[in-house]
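Visitor: Protein chains in written order, with my numbering: chain Y, 7 to 123; chain U, 7 to 123.
Positions of the beta carbon are idealized from the N, C-alpha and C atoms, including for glycine.
In this text, all values refer to a predicted model and were calculated from it rather than measured experimentally.
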DNA sequence: GCAAACTGTAAGTTGACACTTTCGTAAGCA
DNA sequence: TGCTTACGAAAGTGTCAACTTACAGTTTGC
């Protein structure tokens, strides 16, 4: 699954920051690395992971490489998670509401009983 | 950040499966482990990670421990990611549309030029 | 062609992590 | 009081991942 790699990529805080940096604008590898306190190769490796997981695109211009978020990749991940909750959270909510209704009914009955005594 | 731990927890496929299992219904540690082909302690460790990250609740009954998804934890993670895309994806979409409009405009101009020649 | 600029790649290290087997513990039961 | 059940905790192992330093590859200006 390609989304699996993207999810793992996103799980790393530094990579989330990188993704945020190149979200709107294109940025060169060097300018990205300059914003972190780790070495440039470390960022280069993060960039590769993000690119391989489909979350980033690379554009070469001269000696420089510009990176930018890849909307399709981000969308795929978003949809995967959306489905992960949607198919389940909805039922959770329904269950919670049903449980609450049961509770309220039980309370009402208890009050009725007390009244009758 | 608590959400950070939850995101890391979710990044593991097996833990996503566990979470799905206890999404609607409560399940004992043993019955959860029985559905996987790894040893029981391995699942026990996964359960701990999920619990510590706030995605699961534990209820003890006799010698057994029942686990269940914790809606608030899941919701927190969901909202965190929602914000992660929302603040950014929207602009990405706007940018993509603007780029497309520019492209179409350029195409139209090219066609006009060809007609005039 | 040659040096400088910008970058990825290779190799090694350290720590985290997903497991395993073994042991400990608490509750229920004969 | 033992014995069983249902677990988690501890300790050990192999693998992966996030770094580091050192090196190699491309493009550009002279």
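Going by DSSP in three states, residue 108 of chain U sits in which element: helix, strand or coil?
Guide: By 1-based counting over the second chain, the position of residue 108 of chain U is 102. Bear in mind that the predicted position of residue 108 of chain U carries a pLDDT of just 44, short of 50, making it too unreliable to give a figure here.
Visitor: Just to confirm, are residue 74 of chain U and residue 44 of chain U a CB contact at a threshold of 8 Å?
Guide: To locate residue 74 of chain U, count along the second chain from 1; it is residue 68. To locate residue 44 of chain U, count along the second chain from 1; it is residue 38. Result no, Cβ atoms of residue 74 of chain U and residue 44 of chain U do not sit closer than 8 Å.
Visitor: Given that residue 58 of chain Y touches chain U, what residues does it touch there, using C-beta distances under 7 Å?
Guide: The residue you call residue 58 of chain Y lines up with position 52 of the first chain. Chain U residues near residue 58 of chain Y: none, gap ~16 Å exceeds 7 Å.
Visitor: Compile a chain-ordered list of the residues in the region 70 to 86 of chain Y whose CB is closer than 8 Å to at least one CB of chain U.
Guide: Correct list: 75, 77, 80, 81 and 84.
Visitor: Taking only beta-carbon positions, decide if residue 108 of chain Y is within less than 8 Å of chain U.
Guide: Residue numbering aside, residue 108 of chain Y sits at position 102 when the first chain is read from its first letter. The pLDDT assigned to residue 108 of chain Y is 44, lower than 50, so where the model puts this residue is not dependable; a value taken from the coordinates is nonetheless given after this. Taking Cβ atoms only, chain U never reaches closer than 8 Å to residue 108 of chain Y, which makes this a no.
Visitor: Under 8 Å between the Cβ atoms of residue 52 of chain Y and residue 24 of chain Y?
Guide: The count along the first chain starts at 1 and reaches residue 52 of chain Y at position 46. The count along the first chain starts at 1 and reaches residue 24 of chain Y at position 18. Closer than 8 Å, so yes.
Visitor: Got a sec: is the Cβ-Cβ distance from residue 10 of chain Y to anything in chain U below 8 Å?
Guide: The residue given as residue 10 of chain Y occupies position 4 in the first chain. Chain U contact via Cβ: present.
Visitor: Of the choices U:90, U:91, U:84 and U:92, whose alpha-carbon is the least far from that of residue 92 of chain Y?
Guide: The residue you call residue 92 of chain Y lines up with position 86 of the first chain. Ranking the options by Cα distance to residue 92 of chain Y, first place goes to U:84.
Visitor: What does residue 48 of chain U reach in chain Y if we use C-beta pairs closer than 8 Å?
Guide: As a working note, residue 48 of chain U is residue 42 in the second chain. Those do not exist, as residue 48 of chain U stays about 19 Å from chain Y at its closest Cβ, beyond 8 Å.
Visitor: Below 7 Å CB to CB, which residues in the same chain sit around residue 56 of chain Y once its five sequence neighbours on both sides are set aside?
Guide: For the purposes of this step, residue 56 of chain Y is taken as residue 50 along the first chain, with counting starting at 1. Closer than 7 Å at the Cβ level, and outside the excluded window around residue 56 of chain Y, lie 15, 21, 24, 25 and 62.
Visitor: Which residues in chain Y sit within 8 Å of residue 17 of chain U, going by Cβ to Cβ distance?
Guide: Numbered from its first residue, the second chain carries residue 17 of chain U at position 11. Simply 13, 14, 16 and 17.
Visitor: Once DSSP output is grouped into helix, strand and coil, what is the label at residue 72 of chain Y?
Guide: Within the first chain, the letter at position 66 stands for residue 72 of chain Y. In the structure shown, residue 72 of chain Y sits in a strand (DSSP, three-state: E or B).
Visitor: Take residue 42 of chain Y as the anchor and find which of Y:32, Y:58, Y:19 and Y:64 has the nearest alpha-carbon.
Guide: Numbered from its first residue, the first chain carries residue 42 of chain Y at position 36. When only C-alpha atoms are compared, the closest one is Y:19.
Visitor: Go ahead and pull the three-state DSSP assignment for residue 41 of chain Y.
Guide: Here residue 41 of chain Y refers to the residue found at position 35 of the first chain. Reduced to three states, the DSSP call for residue 41 of chain Y is coil.
Visitor: The alpha helix (DSSP H) spanning residue 18 of chain U covers which residue range?
Guide: Position 12 of the second chain, counted from the first residue, corresponds to residue 18 of chain U. No alpha helix (DSSP H) holds residue 18 of chain U; DSSP gives it neither H nor E.
Visitor: Considering only residues of the same chain and omitting the five flanking positions on each side of residue 76 of chain Y, which have a CB-CB separation below 7 Å?
Guide: Position 70 of the first chain, counted from the first residue, corresponds to residue 76 of chain Y. These residues qualify, in order along the chain: 60, 61, 62 and 63.
Visitor: Report the residue from U:58, U:65, U:67 and U:89 whose alpha carbon sits nearest the alpha carbon of residue 12 of chain U.
Guide: The residue given as residue 12 of chain U occupies position 6 in the second chain. Closest option to residue 12 of chain U, Cα to Cα, is U:58.
Visitor: Please go through the same chain and pick out, in chain order, the residues whose beta-carbon is closer than 6 Å to the beta-carbon of residue 32 of chain U, but skip the five residues on each side of it.
Guide: For this step, residue 32 of chain U is matched to residue 26 along the second chain. Around residue 32 of chain U: 72 and 74.
Visitor: Cutting at 7 Å between CB atoms, please list the residues of its own chain near residue 80 of chain U, excluding the five before and the five after it.
Guide: For this step, residue 80 of chain U is matched to residue 74 along the second chain. Excluding sequence neighbours, residue 80 of chain U sits near 61.
Visitor: Per DSSP, which residues does residue 66 of chain U bridge with? Please list them.
Guide: Here the question's residue 66 of chain U lines up with position 60 in the second chain. U:71.
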